[in-house]
Structures are given as structure tokens and as C-alpha cells.
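Going by my numbering, the final residue of the sequence shown carries number 229, and the count climbs one at a time with no gaps. These notes are about the structure you will find just below.
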Amino acid sequence: MARRVLVVDDEKLIVKGIRFSLEQDGMEVDAAYDGEEALEYARNNAYDIILLDIMLPKLSGFEVCQQIREFSNVPVIMLTAKGEDMDKILGLEYGADDYITKPFNILEVKARIKAIMRRTESKKKVEEKKMIVNGDVRLDCEGRRVYIQGKEIGLTAKEFELLELLIQNPNRVYSRENLLQIIWGADYPGDVRTVDVHIRRLREKIEKNPGEPRYVHTKWGVGYFFLNA
Numbered sequence: 001m002a003r004r005v006l007v008v009d010d011e012k013l014i015v016k017g018i019r020f021s022l023e024q025d026g027m028e029v030d031a032a033y034d035g036e037e038a039l040e041y042a043r044n045n046a047y048d049i050i051l052l053d054i055m056l057p058k059l060s061g062f063e064v065c066q067q068i069r070e071f072s073n074v075p076v077i078m079l080t081a082k083g084e085d086m087d088k089i090l091g092l093e094y095g096a097d098d099y100i101t102k103p104f105n106i107l108e109v110k111a112r113i114k115a116i117m118r119r120t121e122s123k124k125k126v127e128e129k130k131m132i133v134n135g136d137v138r139l140d141c142e143g144r145r146v147y148i149q150g151k152e153i154g155l156t157a158k159e160f161e162l163l164e165l166l167i168q169n170p171n172r173v174y175s176r177e178n179l180l181q182i183i184w185g186a187d188y189p190g191d192v193r194t195v196d197v198h199i200r201r202l203r204e205k206i207e208k209n210p211g212e213p214r215y216v217h218t219k220w221g222v223g224y225f226f227l228n229a
């Protein structure tokens, strides 16, 4: 999928040059020429990155960046003609991710864009690993919290580990012996009834009707599985 970029600058020649260069790299580019237009584009479209000039008609780049941060975490690179440290500091304080001083080399602009996109994608992958979502069940793996339909459900450590394993592998049936070995370890002295007890308690907490479970199901004679939404 092509990357989508919003370029905001009241100097149309600058916008034209940036647009041409980015489109040559296969990106989709929208252009805005004042602060209000930039906000309208940002609210109504999903961008991978925004190039935002500081000196704009109607609303300054600082004001635009600040308002964008109220509804989006899209990466923003500020463009400043002054090259003053205070502009750079203010841009970062208002929520910008980077800044480039005019006049700039378009190769530097493209390199900054690619670097930020790499960081963003890497961060997104890490966050996705920390959070598991299946239907209306959401697991915060780092915080070890479970939310169902937005409501937090308190689970014990073993209950959480059981649910985490099952939801990470939806529709895969685990035998009671497998679950005992994976969750409690091969040296655990108890038997498979431990698994049954914990599954029952888990269902009592996450299911509206534990007798007719929506999430954690039993494959009779085989084991347990999480039904994919």
C-alpha cells in the first residue's frame, strides 16, 4: 500500500517540488496551503506523515500541530525557514517528531521521512505484540490486564496465562496435559484437574453464561480452545 503524505506550505513551488519527488517514490501526496486547510485534511484523512511549515496563513504550524495532537499521533515534520533553535524547540514541544530547516535538500527530506516511518512501524509492531485483541476481548500483555467490552476483569496469574495462550492461538485445541505442562511446567506435582479448575474459574469471570461459553470452549474428549471472533 502506498504511503500517504500531507504537505503543508503556503509556497506553492516548494509544495510542487516536494510532491513531485515523493510521488516519484510511489507515495500519495495531498497539499494544503494554510493552517485551516491543513487541519481539515488531517481530520478527514489518514496520513503516514505530515510535512508542516511553521509560517502559514490563518493558523501557524505550531497551532496546527498542537490541534492535530488532540486527535492523531501521525508523525509530523516541521519545516522552518528561520533555522532558529527556539522554533525547533517549540515545534517539538507542540508535538512534532522532527524538523527540517529551509532551504533543504529534497534527498534529506525523503531520508527523514523514511527514517520516521521505519521507527513508527517498529513501534507499532512492538505495541501490537503487547496488546492482543480478539472480538471484544483485549489483553494488555505488558500490564497483564484483561478487558471485555471495555470493562477490566481481574484474573489471577495462572488464569491470565491460560487466557493469553488460548487467545494467541484461536481455534487451536489444547489438551489438558498440554496446558498443564505449558502453564505450570513439567515438574508441577499436580494433575490435569488443576487445569479444569482454572478454566472453570476463568469462565466464571469472563463469560456471561459460563455454562454456554462464548470465548473459552471445550472440545469434548480433547481439550480447550478460544473461539476466534
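Note that CB positions come from ideal geometry on N, CA and C, so glycine has one too.
task = Tell me the start and end of each unbroken alpha helix (DSSP H) in the segment 168-202 that is at least 4 residues and wholly inside, in chain order.
result = 176-179
message = Residues in the same chain with beta-carbon distance under 6 Å from Ala32, minus the five sequence neighbours each way, listed in chain order, please.
response = Val8, Ala38, Tyr41
query = What are the partner residues of Leu6, as DSSP defines its beta bridges?
reply = Asp30, Ile50
query = Which class does Glu207 belong to by DSSP, given the choice of helix, strand or coil?
reply = coil
message = Quick check on this structure: which residue in Asn73, Val197, Arg144, Lys12 has the alpha carbon closest to the alpha carbon of Arg43?
response = Asn73
request  = Report the rounded CA-to-CA distance for Phe226 versus Asn134, giving the unit in angstroms.
outcome  = 10 Å
query = If we ignore side chains and look at the alpha-carbon of each, how far apart do Ile49 and Tyr174 end up?
reply = 43 Å
Reference Leu202; option with closest CA among Glu11, Ile148, Phe71, Phe160 = Phe160
key: Whether Ala81 touches Lys102 by CB criterion (9 Å)   = yes
For Asn61, three-class secondary structure by DSSP = The amino acid at residue 61 is misidentified as Asn; the sequence shows Gly. If DSSP states are grouped into helix, strand and coil, Gly61 belongs with the helices.
query = Taking the C-alpha atoms as reference points, what is the distance between Gly26 and Arg3?
reply = 8 Å
key: beta strand (DSSP E) runs contained entirely in the segment 88-155, provided each spans 3 or more residues   = 98-101, 131-134, 137-140, 145-148, 151-153
ask   = Skipping 5 residues on each side, what residues in its chain have a beta carbon closer than 6 Å to that of Val76?
value = Ile50, Leu52, Cys65, Ala96, Asp97
ask   = Which of helix, strand or coil does DSSP assign to Phe225?
value = strand
inquiry  = Report the CB separation of Ser21 from Ile106 in whole angstroms; it is logged as a contact under 8 Å.
reply    = 5 Å
key: Identity of the residues DSSP links to Ile77 by a beta bridge   = Leu51, Asp98
key: Pick from Gly35, Leu90, Ile113 that is closest to Val29, judged by C-alpha positions   = Ile113
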